[in-house]
Amino acid sequence: MPETLDDSLEPVLAKAISGMAQGLAIWHGSLRFRTRNRAFPVAEAAELGIDHPVDYVELALSDSGVGIPDDALEHVFEPFFTTKDIGKGSGVGLSRVYGFVQQSKGTISIASRREAGTTVCIRLPRSEKDSMIERTPASTAEQGENEMILVVEDEPDVRATTVALLRILGYRSIEAESGAQAIEVLSGRQDVDILISDIGLPGGMDGRELAEAARKLRPTLPILLISGHAAAHYEDGATLPARMQLLEKPFRKNQLGDAIRSLIDSKD
972 MPETLDDSLE PVLAKAISGM AQGLAIWHGS LRFRTRNRAF PVAEAAELGI DHPVDYVELA
1032 LSDSGVGIPD DALEHVFEPF FTTKDIGKGS GVGLSRVYGF VQQSKGTISI ASRREAGTTV
1092 CIRLPRSEKD SMIERTPAST AEQGENEMIL VVEDEPDVRA TTVALLRILG YRSIEAESGA
1152 QAIEVLSGRQ DVDILISDIG LPGGMDGREL AEAARKLRPT LPILLISGHA AAHYEDGATL
1212 PARMQLLEKP FRKNQLGDAI RSLIDSKD
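Per my numbering, residue 972 is the first one in the sequence shown, and the count goes up by one each step.
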């Protein structure tokens, strides 16, 4: 569950960017973020499910991506819902955002049109406390320097989200959906600075086997393995080779950024 507004917006922004990929290529798309103060009339508040009309802050994020089909749109706030069969621009991550908004006594809505884009609108009660409060410095992710990352993930929506986060963090990326495809990429180009792979890859070569094969081609290549069950994969206490790390799902953007940066900056 997101703990802050930043955590809540992160998956929305990541999915907007990944979902906009086709729109940017075809229509020269855009991503717009708007905030404004709203004082809802009683009638409008009731229609939106707001039981006590107070002043709200409205945050609207709009993209010009491929949109979401009507039959998927009604399910985007459900936990574990995926639109992997319809490609990019899905509602993955929105169930967590929905939970945060509900806890904050706010509302969230989503509108989408195929080939036109999607708008996510979040409304949160405006705080009556003094805005000049002491703030704890937020943790920030280490930023990239346009390095090239090979992302290996068989789930299209997960791969798209990872690539979107990498773009936010300042990295370029190449995608592969299998270990065999990743080895083909590594064999044909030398500009890959780091390999990121899910451990549970299908097709006869999992992430650990891919890491071993990649190291035969590039002995000092930094490798980040990702798993939802990290302990199960290394329960025998085996240590990872140099310049190789394991990141457990789910992870935050700053955790991904820090892991990548530490691997790239580590010495051979």
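Cβ coordinates follow ideal geometry from the N, Cα and C atoms, glycine included.
- Please work out which residues of its chain come closer than 7 Å, Cβ to Cβ, to R1084, disregarding the five sequence neighbours upstream and downstream, and give them in chain order. One-based indexing of the sequence shown puts residue 1084 at position 113. For R1084, same chain residues with a beta-carbon under 7 Å away, outside a window of 5 residues either side, are G1038 in chain order.
- State the start and end residues of the unbroken alpha helix (DSSP H) segment that holds N1117. On the sequence shown, position 146 is the one that residue 1117 refers to. Neither: N1117 is in no alpha helix (DSSP H) and is coded neither H nor E.
- Query: Since T1078 is in the alpha helix (DSSP H), which residue starts that stretch and which ends it?
  - Reply: Stepping through the sequence shown from its first residue, residue 1078 is reached at position 107. Run containing T1078: none in the alpha helix (DSSP H); it sits in the beta strand (DSSP E), 1078 to 1084.
- Message: Using only CA atoms, which one of Q1152, L1227, R1189, A1010 lies nearest to S1198?
- Response: For the purposes of this step, residue 1198 is taken as the residue at position 227 of the sequence shown. Relative to S1198, the option among Q1152, L1227, R1189, A1010 whose CA is nearest is L1227.
- Who are the Cβ neighbours of R1007 in its own chain at under 6 Å, not counting the five residues just before and after it? Indexing the sequence shown from 1 puts residue 1007 at position 36. If we look at R1007 and ignore the five residues flanking it on each side, its Cβ neighbours are E1029.
- Message: Restricting to Cα atoms, I'd like to know which of V1122, R1160, I1139 is closest to E1116.
- Response: Stepping through the sequence shown from its first residue, residue 1116 is reached at position 145. Of all alpha-carbon atoms in V1122, R1160, I1139, the one lying nearest the alpha-carbon of E1116 is that of I1139.
- Message: Here's the rule I'm using: 16 or more other beta-carbon atoms within 10 Å means buried, otherwise exposed. How should P1127 be labelled?
- Response: Against the sequence shown, residue 1127 aligns to sequence position 156. That one is buried.
- Query: When DSSP labels each residue in this structure, what does L1211 get in the three-state scheme?
  - Reply: Reading the sequence shown from its first residue, position 240 is the one you call residue 1211. In the three-state DSSP reduction, L1211 falls in the coil class, being neither helix nor strand.
- Determine the burial state of S1098: buried for a count of at least 16 other Cβ atoms within 10 Å of its Cβ, exposed for fewer. Position 127 of the sequence shown, counting from 1, holds the residue named residue 1098. In this structure S1098 is exposed. Its beta-carbon is surrounded by fewer than 16 other beta-carbon atoms within 10 angstroms.
- Task: Go through its chain and collect everything with a Cβ distance to A1153's Cβ below 8 Å, but skip five positions before and after it.
- Result: For the purposes of this step, residue 1153 is taken as the residue at position 182 of the sequence shown. Result list for A1153: L1121, V1123, A1147, L1166, S1168, L1181, A1185, in chain order.
- Message: Given this structure, state the Cα-to-Cα distance separating D1034 from R1003, to the nearest angstrom.
- Response: Numbered from its first residue, the sequence shown carries residue 1034 at position 63. Numbered from its first residue, the sequence shown carries residue 1003 at position 32. Cα-Cα distance, rounded: 6 Å.
- Message: So L948 and G1178 are supposed to be a Cβ contact under 8 Å. How far apart are they, rounded?
- Response: Residue 948 is absent from the structure shown; the chain starts at 972 and stops at 1239.
- Task: Return the CA-CA distance between A1213 and P1221, expressed in angstroms with no decimal places.
- Result: Counting from one through the sequence shown, the residue named residue 1213 turns up at place 242. Counting from one through the sequence shown, the residue named residue 1221 turns up at place 250. Rounded to the nearest angstrom, the two C-alpha atoms are 24 Å apart.
- Item | Rounded distance between the beta-carbons of V1047 and I1093, thought under 8 Å | Reading the sequence shown from its first residue, position 122 is the one you call residue 1093. Reading the sequence shown from its first residue, position 76 is the one you call residue 1047. With a beta-carbon spacing of about 14 Å, I1093 and V1047 fall beyond the 8 Å limit used to define contacts.
- Residues near A1187 by beta carbon distance below 6 Å, same chain, minus five either side: Taking the sequence shown and counting its residues from 1, one reaches residue 1187 at position 216. Residue identity differs from the one stated: residue 1187 is Lys in this sequence, not Ala. Excluding positions up to five away in sequence, the list is empty.
- Query: Around the C-beta of T1210, are 16 or more other C-beta atoms found within 10 angstroms, so that it is buried, or is it exposed?
  - Reply: Your numbering for residue 1210 matches position 239 in the sequence shown. So T1210 ends up on the exposed side.
- Task: Assign R1130 to buried or exposed, taking buried as 16 or more other Cβ atoms, counted over all protein chains shown, within 10 Å of its Cβ.
- Result: The residue you call residue 1130 lines up with position 159 of the sequence shown. So R1130 counts as buried.
- Item | Span of the beta strand (DSSP E) around S1233 | Taking the sequence shown and counting its residues from 1, one reaches residue 1233 at position 262. Under the DSSP assignment, S1233 falls outside any beta strand (DSSP E), being part of the alpha helix (DSSP H) whose first and last residues are 1224 to 1236.
- Item | Spatial neighbours of D1164 in its chain, beta-carbon cut-off 8 Å, leaving aside the 5 residues before and after | To locate residue 1164, count along the sequence shown from 1; it is residue 193. Answer for D1164: E1118, M1119, I1120, P1193, I1235, listed in chain order.
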